[in-house]
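Residue numbers (mature numbering (1 follows the signal peptide of the UniProt record, and there is no 0)): -28 to -1, 1 to 100.
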C-alpha cells in the first residue's frame, strides 16, 4: 500500500471518528481502544495518531487511551467487548471479522486482485 493511499485512508478514519465522537456526548470523553501489538508497532502508532487528531478536532475535550500488547484480551475478545459496549474500539486484523461478517473474507482471497489498482477499482467501485 503506498503512502498517499494509507495517509488518505487514515485521514478519512480520523475525520469520521472525530465527527462520530463529537456528536455522542457534550461532556469530555476518553475513548478506550485496544490493540494486540506493542507501542511501537505501526498499527498502534496509527491509533495513537488518530487519538492526537481527535484531541485536536475537539480542542482537547476528547482523547484516546490505547491499550496495547493484548492487555485487554485477544482480537476476538476485544471485538466482543466492542460489540457489547465495554470497549470503544478495537484495532483488529480483518480476518477477525470473518465469522461476524462472512463477506469480509472476500478481499483476503488469494489471487483475487491483479494489483493494487485492480483492488482499488473493485473496492471503491460499485462492487465494493
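From the three backbone atoms N, C-alpha and C, an ideal C-beta is built for every residue, glycine too. Computed from a prediction, not measured in an experiment: that's the story for all the values here.
Problem set entry | Alpha-carbon spacing of residue 46 relative to residue -2, whole angstroms | 30 Å
For this session: Could you work out which residue in 87, 38, 82 and 78 is closest to residue 161 when comparing CA atoms only?
Result: For residue 161 there is no data in the structure shown, the boundaries of the chain being -28 and 100.
Exercise. Taking only runs of the beta strand (DSSP E) that begin and end inside the segment 15 to 100, which ones reach a length of at least 3 residues, in chain order?
Worked result: 34 to 39 and 61 to 63
Problem set entry | The beta strand (DSSP E) enclosing residue 8, as first and last residue numbers | Taken as a continuous stretch (DSSP letters only), residue 8 belongs to no beta strand (DSSP E), as it is neither H nor E.
For this session: Go ahead and label residue 95 buried or exposed: buried means 16 or more other beta carbons lie within 10 angstroms of its beta carbon, across all protein chains shown.
Result: exposed
For this session: Measure the C-alpha to C-alpha separation of residue 8 and residue 15 and round it to an integer number of angstroms.
Result: Spanning the two alpha carbons is a distance of roughly 9 Å.
Problem set entry | residue 50 vs residue 67 beta-carbon contact at 7 Å | No.
Exercise. By the 10 Å Cβ neighbour count, where 16 or more other Cβ atoms means buried, how is residue 84 classified, buried or exposed?
Worked result: exposed
For this session: Go ahead and label residue 34 buried or exposed: buried means 16 or more other beta carbons lie within 10 angstroms of its beta carbon, across all protein chains shown.
Result: buried
For this session: Quick one: using the 10 Å Cβ neighbour count with 16 as the cut-off for buried, is residue 59 buried or exposed?
Result: buried
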